[in-house]
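Data first, discussion second: the structure below is written as structure tokens.
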Amino acid sequence: MNERNTAAPAVLVVDDDPRLLRALDLNLRARGYTALISDTGEHALKLVAHHRPDLVLLDLGLPQMSGLDVIRGLRGWTDVPVVVLSGRDTEPMKVQALDLGADDYVVKPFGMDELFARIRAAMRRTAATEEKVSVATEDFTVDLAAQRITRNGDAVQLTPRQWHIVEVLVRNRGRLVTHRQLLQEVWGPNYGRETNYLRVFMTKIRQKLEPDPPRPRYFLTEPGLGYRFRTAEEDE
Numbered sequence: 004m005n006e007r008n009t010a011a012p013a014v015l016v017v018d019d020d021p022r023l024l025r026a027l028d029l030n031l032r033a034r035g036y037t038a039l040i041s042d043t044g045e046h047a048l049k050l051v052a053h054h055r056p057d058l059v060l061l062d063l064g065l066p067q068m069s070g071l072d073v074i075r076g077l078r079g080w081t082d083v084p085v086v087v088l089s090g091r092d093t094e095p096m097k098v099q100a101l102d103l104g105a106d107d108y109v110v111k112p113f114g115m116d117e118l119f120a121r122i123r124a125a126m127r128r129t130a131a132t133e134e135k136v137s138v139a140t141e142d143f144t145v146d147l148a149a150q151r152i153t154r155n156g157d158a159v160q161l162t163p164r165q166w167h168i169v170e171v172l173v174r175n176r177g178r179l180v181t182h183r184q185l186l187q188e189v190w191g192p193n194y195g196r197e198t199n200y201l202r203v204f205m206t207k208i209r210q211k212l213e214p215d216p217p218r219p220r221y222f223l224t225e226p227g228l229g230y231r232f233r234t235a236e237e238d239e
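All letters in the sequence shown, in the order written, are residues 4 to 239 by the working numbering.
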């Protein structure tokens, strides 16, 4: 395995647009990252195996091997964060990419400041997955090891299924969990379309944990896609 001789985080950019590759290469280097560049999926997979980048920026519309196939190839052996860059602003495409294991989805054209905020957030989530067994917010604390939630020093009573939903979202802190992922994690592999189940359970969870349930601060809805657990750290 090739080790990088630099402390700068490495980002692999995979896109077949030469102008965008040049722009991202320049911006990454200007902001203190090591940039790796590829214009095909096959080459990208080799670069990931050889250089082990800290994050992959991935276009979906690649020649020969699609971006979705690249995600499938990566998720067979690595948890490297993948931020999709795509001109396809459709809900089914977003859901498919996220279900396959992408961490975020940025629609072209995009602003560089927004993109780098997404990059920083994805890297923070990865760093946090050497996993915190306890996650504290201003309003409650989730102890994953003890399977316990406390609020103002008192234990919060959740049903087993409510707890399982909270656990999945907290373990994926900051990351979008699609409806299908959450249903299959909590209800089993034969589920995937029963989003009404999730709405009912999320309402109960917010009533027990959110300071203002109609305007949730922690358990956020991504319309048409799924849910995301966020703390104040992800908003910084």
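Where a beta carbon is used, it is the ideal one built from N, C-alpha and C, also for glycine.
The structure presented is a predicted model; accordingly, all values stated were derived computationally and were not measured.
- prompt: Taking just the CA atoms, how far does residue 48 sit from residue 12?
  reply: Cα-Cα distance, rounded: 18 Å.
query: Touch check for the region 30-39 and the region 98-112: three-plus C-beta pairs under 8 Å?
result: Contact fails: fewer than three Cβ-Cβ distances are below 8 Å.
message: Considering only the alpha carbon of each residue, which of 128, 75, 120 lies closest to residue 103?
response: The option with the nearest alpha carbon to residue 103 is 75.
- prompt: DSSP three-state call for residue 161: helix, strand or coil?
  reply: Reduced to three states, the DSSP call for residue 161 is coil.
query: For residue 205, does the count of other Cβ atoms within 10 angstroms reach 16, so buried, or fall short, so exposed?
result: Residue 205 comes out buried.
Per DSSP, the bridge partner or partners of residue 108: According to the DSSP secondary-structure assignment, residue 108 is paired through a beta bridge with 87.
field: residue 182, buried or exposed, once every other Cβ within 10 Å from all chains shown has been counted against 16
entry: Buried, because 16 or more other Cβ atoms sit within 10 Å of the Cβ of residue 182.
Environment of residue 107 [buried if 16+ CB atoms lie within 10 Å]: The residue is buried, with at least 16 neighbouring Cβ atoms inside 10 Å.
field: Collapsed DSSP secondary structure at residue 213 in the structure displayed
entry: Here residue 213 sits in coil by DSSP.
- request: Classify residue 230 as helix, strand or coil using the three-state DSSP reduction.
  value: Assignment of residue 230 by DSSP, reduced to helix, strand and coil, places it in the strand class.
task: For residue 3, name the three-state secondary structure that DSSP assigns.
output: Within the shown structure, residues of the chain are numbered from 4 to 239, placing residue 3 beyond reach of any answer.
- prompt: Which value, in whole angstroms, describes the spacing of the CA atoms of residue 223 and residue 140?
  reply: Those two C-alpha atoms are separated by around 14 Å.
task: Please state if the CB of residue 162 and the CB of residue 153 are separated by a distance shorter than 9 Å.
output: It is not a contact, given that the beta carbons lie outside the stated cut-off.
field: Cβ contact (3+ pairs, closer than 8 Å) linking the region 200-214 and the region 119-128
entry: Inter-segment contact for the region 200-214 and the region 119-128 is absent: fewer than three beta-carbon pairs are separated by less than 8 Å.
- prompt: Within 10 angstroms of its Cβ, does residue 165 collect 16 or more other Cβ (buried), or is it exposed?
  reply: It is buried - the Cβ of residue 165 has at least 16 other Cβ atoms within 10 Å.
query: So the alpha helix (DSSP H) residue 11 belongs to, where does it begin and stop?
result: Element bounds for residue 11: n/a, residue is neither H nor E.
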